[in-house]
Amino acid sequence: AQMVPMAMNDDEWIAAVTSYVRNSFGNKGAVIFPKDVARIRQELKGVTAPWTQETLQASLPPIVKGEKEWKVSASDQADTAQNGCDGDGKTRWETKSDQKKGMWYQIELPSAQTIAGVRLDAAGRPSAFPKNFKVEGSVDGKKWFPLGSSHGLYSLSEAYFDAKQAKFVKITLTDATKGQPWAIQEVQLVAQK
Numbered sequence: 210a211q212m213v214p215m216a217m218n219d220d221e222w223i224a225a226v227t228s229y230v231r232n233s234f235g236n237k238g239a240v241i242f243p244k245d246v247a248r249i250r251q252e253l254k255g256v257t258a259p260w261t262q263e264t265l266q267a268s269l270p271p272i273v274k275g276e277k278e279w280k281v282s283a284s285d286q287a288d289t290a291q292n293g294c295d296g297d298g299k300t301r302w303e304t305k306s307d308q309k310k311g312m313w314y315q316i317e318l319p320s321a322q323t324i325a326g327v328r329l330d331a332a333g334r335p336s337a338f339p340k341n342f343k344v345e346g347s348v349d350g351k352k353w354f355p356l357g358s359s360h361g362l363y364s365l366s367e368a369y370f371d372a373k374q375a376k377f378v379k380i381t382l383t384d385a386t387k388g389q390p391w392a393i394q395e396v397q398l399v400a401q402k
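Given below as structure tokens:
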């Protein structure tokens, strides 16, 4: 069935409903905030036609490809860090010890890319998601600039931010889940649309 327009509902109501749907019925998604709804409404204010499966699919941000060429390192279990971006759902990178603030996972791309977000899939060990994390970028691997931060979620953690050019992307724990390692089944870098 077609969804009715939501213009009569305020940003807070839409954020609450979408957050509920994203975290019910077996779903585990990021919380939607009223500011996110306001931003999306502003971006889409000229859209008047109903959304179709094709238009929804086309609206998704692209993923940075070429994971096999990425050089990956980590503060813990560096020898298996590549498992976190190898495209194999049966492998993962996982810390040997429990999560600690300051643990990091770093990606070096073959060349600078415009990065607008990260997705950390921990489906193989969903309880080993990062509690809180920050994302930094660098063009030379020495001088770092902040990209964004987020709260981790069971199984899939995401952070979206203003797009910036980076050759290096570092994800660092800013808070730790007690009694759990940190695991990444697959990391995806989100490109600018």
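Adding 209 to a residue's 1-based position in the sequence shown gives its number in the working numbering. Glycine residues also receive a C-beta, built at the ideal position from the N, C-alpha and C atoms. The model shown is predicted, which means the values in this text are computed figures rather than measured ones.
{"Item": "Relative to the alpha-carbon of THR381, which residue among GLN374, GLN401, PRO355 and LEU365 has its alpha-carbon at the smallest distance?", "Value": "PRO355"}
{"Item": "Measuring alpha carbon to alpha carbon, tell me which residue in ARG248, TYR363 and SER306 is nearest SER233.", "Value": "TYR363"}
{"Item": "Could you check what DSSP says for GLU241 in three-state terms: helix, strand or coil?", "Value": "According to the sequence as given, residue 241 is Ile; it is not Glu. ILE241: coil per DSSP, three-state reduction."}
{"Item": "Just the C-alpha distance for PHE342 and PRO390, rounded to the nearest angstrom, thanks.", "Value": "14 Å"}
{"Item": "Within 8 Å (strictly less), CB to CB, does GLY255 reach chain D?", "Value": "In summary, chain D is missing from the structure at hand, where a single protein chain is found."}
{"Item": "Could you give the DSSP three-state label for ASN341: helix, strand or coil?", "Value": "strand"}
{"Item": "What whole-angstrom Cβ distance do SER358 and ALA368 have, given they're in contact under 8 Å?", "Value": "6 Å"}
{"Item": "For THR386, does the three-state DSSP call read helix, strand or coil?", "Value": "coil"}
{"Item": "Looking only at its chain, what residues have a beta carbon closer than 7 Å to the beta carbon of PRO319, apart from the 5 residues adjacent to it on each side?", "Value": "GLY275 and GLU278"}
{"Item": "Give every residue of the same chain whose Cβ lies closer than 6 Å to the Cβ of VAL399, excluding the five residues on either side of it in the sequence, and list them in chain order.", "Value": "PRO270, ALA325 and GLY326"}
{"Item": "If you draw a straight line from the C-alpha of ALA337 to the C-alpha of THR386, how long is it?", "Value": "8 Å"}
{"Item": "Taking C-alpha atoms, which residue in LYS340, ALA267 and SER347 lies nearest to ALA321?", "Value": "SER347"}
{"Item": "Going by DSSP, which residues form a beta bridge with PHE354?", "Value": "GLY346"}
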